[in-house]
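Chemist: Residue numbers (my numbering): 35 to 122.
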Amino acid sequence: MADPETKKKIERYRQFRKDYGNHLFAVLMIVFVYAMLTDHDIMDYLHLLRERPVSGIGLAVLLLLVAAGLYVLRKLLRELRQDREKRE
Numbered sequence: 035m036a037d038p039e040t041k042k043k044i045e046r047y048r049q050f051r052k053d054y055g056n057h058l059f060a061v062l063m064i065v066f067v068y069a070m071l072t073d074h075d076i077m078d079y080l081h082l083l084r085e086r087p088v089s090g091i092g093l094a095v096l097l098l099l100v101a102a103g104l105y106v107l108r109k110l111l112r113e114l115r116q117d118r119e120k121r122e
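Quick look at the structure:
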């Protein structure tokens with residue numbers, strides 16, 4: 035049977051994966067809405083991946099970094115809110 039420390043690590047990883055997936059989905063939705071508003075199509079992004087793979091991969095990495103930034107910002111705001119509630 036796994037020790038409590040290992041269980042905590044596994045639970046933290048699961049929570050991170052869940053939160054990160056939610057933020058990544060939000061970033062992708064924003065990109066798709068932006069694409070629709072600017073008369074682009076998702077096929078433009080697929081064409082970018084085929085014609086210029088480095089640019090397409092760069093775009094994907096940029097989206098992942100934005101999602102990670104959202105995750106960190108949310109975690110920081112949650113900690114600040116908890117600190118404020120403790121002081122009150």
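We treat Cβ as the ideally placed atom computed from N, Cα and C, and that holds for glycine.
Looking only at C-alpha atoms, which of F50, P38, L80, D37 sits nearest to R108?
Modeler: Looking at the Cα atoms, F50 is the closest of the given residues.
Chemist: Just the C-alpha distance for K43 and L96, rounded to the nearest angstrom, thanks.
Modeler: Cα-Cα distance, rounded: 27 Å.
Chemist: Assuming contact is defined by CB atoms lying nearer than 8 Å, are L82 and S89 in contact in what I supplied?
Modeler: Contact: yes.
Chemist: Give me, in chain order, the residues of the same chain whose beta-carbon lies closer than 8 Å to that of L62; leave out the 5 immediate sequence neighbours on both sides.
Modeler: Answer for L62: L97, listed in chain order.
Chemist: Using only the alpha-carbon positions, how far apart do Y47 and D53 sit?
Modeler: Cα to Cα, Y47 sits roughly 10 Å from D53.
Chemist: In angstroms with no decimal places, state the Cα-to-Cα distance between R86 and L93.
Modeler: Approximately 11 Å between the Cα atoms of the pair.
Chemist: At the 8 Å Cβ level, is Y54 part of the contact set with chain B, yes or no?
Modeler: The structure shown has no chain B; it contains just one protein chain.
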